[in-house]
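Residue numbers (numbering that gives the first Met the number 0): 0 to 140. Note that beta-carbon positions come from the ideal geometry of N, C-alpha and C, so glycine has one too. Quick notes on the structure that follows.
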Amino acid sequence: MGEAISYICKKCKKENTILYGIGFLDSPSYYDNNNFKNLINRSIEENIQNIDKLKNFVTLKDVHLRDGYGNDAYICPNCKTIANKFRYELVSNNKIFIPKYKCKYCGNTLRLKKENEEFNIICVRCGSKDFEESTIYADWD
Ligand SMILES: [Zn+2]
Ligand SMILES: [Zn+2]
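Structure below.
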């Protein structure tokens, strides 16, 4: 079971659905297999910025994915959009790696949206600030 919040622009009807949590595929073994190949590929698909750092990090000793990872909402402080990205931390002894993602619209660095943070999204298509929000509970895998 996952939770998703759907944002629908009231003006142009563009829909943006943000998933939270993990699906059944998202096991630690799926990601750390083959020197974190799946994690690296997924990070690239999601527009990671610090990819070189990630590729170096996985070559360190005893690297593991910290519990509590999952899909989460990221926001662009520049163009006020919301994006779905994979939030995770890799740990090696006392070192830690956190992915930084790039906004696909303006190239700015996204930041994690805080759980109860009020954030005024702007529609990337029409610039409207008027959204209809609905929460969906479903199996999204
Ligand atoms: Zn719109
Ligand atoms: Zn942006």
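From this set, Asn15, Lys12, Asn70, Asn32, which residue's C-alpha is nearest Gly142's C-alpha? The shown model of the chain, from 0 to 140, leaves out residue 142, and the question about it has no answer.
Below 6 Å CB to CB, which residues in the same chain sit around Ala72 once its five sequence neighbours on both sides are set aside? Ile17, Ile81, Lys112
To which residues does DSSP link Ile121 through a beta bridge? DSSP, once it has assigned bridges, lists no residue as partnering Ile121.
If you reduce the DSSP assignment to three classes, tell me which class Glu14 lands in. strand
Between the C-alpha atoms of Glu131 and Ile121, what's the straight-line distance to the nearest angstrom? 12 Å
Check whether the Cβ of Asn15 lies closer than 7 Å to any heavy atom of ligand 2, and answer yes or no. no
Here's the rule I'm using: 16 or more other beta-carbon atoms within 10 Å means buried, otherwise exposed. How should Leu225 be labelled? What is shown of the chain runs 0 to 140, which leaves residue 225 out entirely.
Could you tell me whether any non-hydrogen atom of ligand 1 is closer than 7 Å to the CB of Cys125? yes
Below 8 Å on the Cβ atoms is my guess for Lys103 versus Asn46; work out the distance and round it to an integer in Å. 6 Å
In terms of alpha-carbon separation, which member of Lys94, Ser91, Glu88, Cys78 lies closest to Lys101? Cys78
According to DSSP, simplified to helix, strand and coil, what is Tyr30? In the structure shown, Tyr30 sits in a helix (DSSP, three-state: H, G or I).
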